[in-house]
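Colleague: Encoded as structure tokens, here's the structure I'll be asking about.
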Amino acid sequence: IKQELVPTLEEGDIVVMDNLSSHKRVEVRESIEDAGAELWYLPPYSPDLNPIELAFSKFKWLIKSTEERTVEGLWSACGKLIDQITSTESQNYLKHCGYRYA
């Protein structure tokens with residue numbers, strides 16, 4: 016979070032996180048708020064409000080549809096399959112969950 020997310024944040028941004036214990040650390044909140052952004056947490060057990068769950072659903076479907084059955088083959092397929100989740104789909108996942116996007 017500190018290395019990848021925080022450097023990209025701007026004043027007024029909102030970061031939405033689930034309730035993973037590492038997301039609740041004081042350092043995480045401070046880093047995000049020091050960058051001028053707000054940190055919001057999803058309510059517990061709310062996959063319907065979490066756009067990543069929609070992306071995971073498609074990704075799992077794509078993985079199941081591949082014929083790869085070895086660890087190496089699946090890792091290779093994952094690298095190729097992730098690109099099949101388009102920018103438009105990502106925006107639709109956000110919209111479906113009630114988020115506005117830029």
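All letters in the sequence shown, in the order written, are residues 16 to 117 by my numbering. Glycine residues also receive a C-beta, built at the ideal position from the N, C-alpha and C atoms.
1) Please go through the segment 50-90 and give each complete beta strand (DSSP E) segment of 3 or more residues, from N-terminal end onward.
2) Where do the ends of the alpha helix (DSSP H) carrying Asn-34 lie?
3) According to the Cβ coordinates, are Tyr-114 and Ala-70 closer than 8 Å?
4) Span of the alpha helix (DSSP H) holding Glu-19?
5) For the ligand ADP, I want to know if Glu-45 counts as a neighbour, meaning its beta carbon is within less than 7 Å of at least one of the ligand's heavy atoms.
Modeller: So, from the listed chains and residues:
1) Counting only runs of 3 or more, we get 53-56.
2) Here the question's residue 34 lines up with position 19 in the sequence shown. Neither: Asn-34 is in no alpha helix (DSSP H) and is coded neither H nor E.
3) Along the sequence shown, read from residue 1 onward, the residue named residue 114 stands at position 99. Along the sequence shown, read from residue 1 onward, the residue named residue 70 stands at position 55. Result no, Cβ atoms of Tyr-114 and Ala-70 do not sit closer than 8 Å.
4) Your numbering for residue 19 matches position 4 in the sequence shown. Where Glu-19 is concerned, there is no enclosing alpha helix (DSSP H), given that its DSSP letter is neither H nor E.
5) No copy of the ligand ADP appears in this structure; indeed no ligand is present at all.
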